[in-house]
Amino acid sequence: MSDREIDQQLVERVQRGDKQAFGLLVAKYQRKLSRLLSRMIRDPAEVEDVAQEAFIKAYRALPSFRGDSAFYTWLYRIGINTAKNHLVSQGRRAPTTTEVEAEDAEQYESGELLRDNDTPERLLQTRQIGNTVNEAVEALPEELRTAIVLREIEGLSYDEIASVMGCPIGTVRSRIFRAREAIAERLRPMLDVAPDKRW
Amino acid sequence: MTNEQLSGWMDGEASAAEAEQIVKNLAGHGGSREACKLYWLVGDCLRGDFPRGNDLCDRVMTALETEPTVLAPIVHKAEQKRGRWMSLAAAVAGMAVAAWMGLGLWTPPFQDEAMGLARQRGIQDQPLAAAVSPAEILPDDRSYLMAHQASAVGVPMAGVAQYIRTVNVEQVGGAR
């Protein structure tokens, strides 16, 4: 089952009236969409507002989504159009689609996400999360670290990871889960700080 | 459903049946949904995509509370494919029937029985067109028919000229 099929499953749940399933799609794509929008809109607060508006528009338009394209491709178009409309309403020039796509094609280093106009609080928050994740990964046993890196960074399937690591698929599944849990455990306290500081 | 199964599903490693069950269970299990969100966050962070602001989930879900729930008919891929084939088959069948009738291969139902019965009763099997040929209409009759065409009973025929009316003339003992 591909990533696209997983999204389609969630979309069908939403189309049957399950709003919570839409919450999962928001959770999955909020950072990707925000990163895309931040290339058009510099103010992070505005990026959040536009991303929220894009998700709401997507929810309203979901009955007409038939899965001809991937959910994110569809959401991407809604996001771009929402951002353009926002910029036009603010009297600012909206970048052309070509400009956005050209930028999109580039590989971004994580450091580039830290924009000059991020507030010091946001910068600190981002750094703290980055450091926490890095420390958590370093603290993982070698076999868990290798498994999670091959999956999340290299994008290998369980079958491929099993071949690389020379172990059964069931072991790969277990290692990736344990690695995720270990990292998530370190992040949880940061998420519970305060409702307005959560992400 | 365990979080390990959930983790496998998120990586696209669950079977179709298992995936169906997991998605169903997610609807009524807040803890699993939270685990899902956290695992996606972990993945994004590992790829260097750190959260840069507040969590949009709560904001979007709060905003959606006032939205009517979306309900859409689910069109499955198999149905779409079958529908496409059915319409193609219907088009081919329609063309075949038209061609069959056009080539004169079609015989109206019971025509053979009716013709047999007519022959038994001594009714001549002759084409209808031969019963009244235009040559038998006298010039006077023709002018009479033309003059009375307006008062003739109209028989509208779908797809055929609506203005065509039929008139006939019958001579009884020399008088019309």
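If you read the sequences in order, they're chains A and B.
For the record, in the first sequence the residue sitting at position 179 is 183 according to my numbering, with numbers rising by one throughout.
For the record, in the second sequence the residue sitting at position 90 is 98 according to my numbering, with numbers rising by one throughout.
Even for Gly, the Cβ is constructed at its ideal location relative to N, Cα and C.
This structure is a prediction, so every number in the text was calculated from the model and none was measured.
Quiz item: Would a check of beta-carbon distances place B/GLY39 closer than 9 Å to chain A?
Solution: no
Quiz item: For B/HIS156, which of helix, strand or coil comes out of DSSP?
Solution: coil
Practice problem: Would you mind sorting A/HIS90 into buried or exposed? The rule is 16 or more other CB atoms within 10 Å of its CB. | Solution: buried
Quiz item: Do we get a CB-CB distance below 9 Å when we pair A/ALA74 with the residues of chain B?
Solution: no
Self-check item: Exposure label - A/PRO48; buried when at least 16 CB within 10 Å
Solution: buried
Quiz item: Distance, Cα to Cα, B/GLY102 vs B/TRP93?
Solution: Between B/GLY102 and B/TRP93, the C-alpha separation is close to 14 Å.
Quiz prompt | Residue-chain proximity (B/ALA4, chain A), Cβ-Cβ < 9 Å | solution = Residue 4 of chain B lies beyond the range of chain B shown here (9 to 184); nothing can be said about it.
Practice problem: Out of A/GLU16, A/ARG155, A/ARG182 and A/VAL18, point me to the one whose CA is closest to A/PRO145's CA. | Solution: Minimum Cα distance to A/PRO145 is reached at A/ARG182.
Quiz item: When you compare only the Cα positions, how much space is there between B/LEU146 and B/ALA126?
Solution: 31 Å
Exercise. Excluding the 5 residues preceding and the 5 following A/PRO155 in the sequence, name in chain order all residues of the same chain whose CB lies nearer than 6 Å to its CB.
Key: The question names Pro, but residue 155 of chain A in the sequence shown is Arg. Taken in chain order, the residues that qualify are ILE180.
Practice problem: Could you please give the first and the last residue of the uninterrupted alpha helix (DSSP H) stretch that includes B/VAL78? | Solution: From DSSP, B/VAL78 is part of no alpha helix (DSSP H); its letter is neither H nor E.
Self-check item: Under 9 Å between C-beta atoms of B/THR77 and A/GLY83
Solution: no
Quiz item: On the premise that B/VAL31 lies in contact with A/GLN24, defined as a C-beta separation below 8 Å, what is that separation, rounded to the nearest angstrom?
Solution: Rounded, the Cβ-Cβ distance is 11 Å, inconsistent with contact.
Practice problem: Please classify A/GLN94: does DSSP put it in a helix, a strand, or coil? | Solution: coil
Self-check item: Proximal residues to A/ARG131 (C-beta, below 7 Å), its chain only, five neighbours per side dropped
Solution: none
Self-check item: Contacts around A/GLY115, its chain only, beta-carbon distance under 6 Å, and the 5 residues preceding and following it disregarded
Solution: With a pLDDT of 42 at A/GLY115, under the threshold of 50, the predicted position of this residue should be treated as unreliable, and no value is reported.
Quiz item: Along the region 23–50 of chain A, what residues have a CB closer than 8 Å to any CB found in chain B?
Solution: LYS23, GLN24, ALA25, PHE26, GLY27, LEU28, VAL30, ALA31, LYS32, GLN34, ARG35, LYS36, SER38, ARG39, SER42, PRO48 and ALA49
Quiz item: Between B/TRP17 and the rest of its own chain, which residues show a CB-CB distance below 6 Å, the 5 nearest in sequence each way excluded?
Solution: ALA27 and ILE30
Quiz item: Looking at the C-beta of A/ARG20, does it have a partner C-beta in chain B at a distance below 9 Å?
Solution: Closer than 9 Å to some Cβ of chain B, the Cβ of A/ARG20 qualifies, so yes.
Quiz item: Can you tell which of A/ALA140, A/ILE165 and A/ASN138 has its C-alpha closest to the C-alpha of A/THR150?
Solution: A/ILE165
Quiz item: How many whole angstroms separate the CB atoms of A/THR86 and A/VAL54, which I take to be in contact at a CB cut-off of 8 Å?
Solution: 6 Å
Practice problem: Write down the C-beta distance between A/GLU134 and B/PHE58 rounded to the nearest angstrom, noting that I regard them as a contact closer than 8 Å. | Solution: The sequence given here has Gly at residue 134 of chain A, not Glu. Yes, A/GLY134 and B/PHE58 are in contact; Cβ-Cβ is about 6 Å, under 8 Å.
Quiz prompt | Cα-Cα separation, B/GLY39 to B/THR10 | solution = 11 Å
Self-check item: CB of B/ARG55 within 9 Å of CB of A/ILE45, strictly
Solution: no
Self-check item: DSSP three-state assignment for A/ILE60, whether helix, strand or coil
Solution: helix
Quiz item: What number of angstroms, rounded off, separates the C-alpha of A/ARG184 from the C-alpha of B/LYS45?
Solution: Approximately 12 Å, taken between the alpha carbons.
Practice problem: Output the distance between the C-alpha atoms of A/SER6 and B/TRP48, rounded to the nearest integer angstrom. | Solution: 16 Å
Quiz item: Residues in its own chain within less than 8 Å of A/TRP78 by CB, not counting five upstream and five downstream?
Solution: ALA62 and PHE69
Quiz prompt | Sequence-distant residues of the same chain with beta carbon closer than 6 Å to B/VAL68, five excluded per side | solution = none
Self-check item: Collapsed DSSP secondary structure at A/ARG17 in the structure displayed
Solution: helix
Quiz item: Hey, is A/THR86's beta-carbon within less than 9 Å of any beta-carbon in chain B?
Solution: no
Quiz item: So what does DSSP say about A/ARG8, is it helix, strand or coil?
Solution: helix
Quiz prompt | As assigned by DSSP and simplified to three states, the class of B/ILE30 | solution = Under the three-state reduction of DSSP output, B/ILE30 falls in the helix class.
Self-check item: C-alpha distance - B/TRP108 paired with B/ALA155, whole-angstrom precision
Solution: 41 Å
Quiz item: According to the Cβ coordinates, are A/ARG177 and B/GLU12 closer than 9 Å?
Solution: yes
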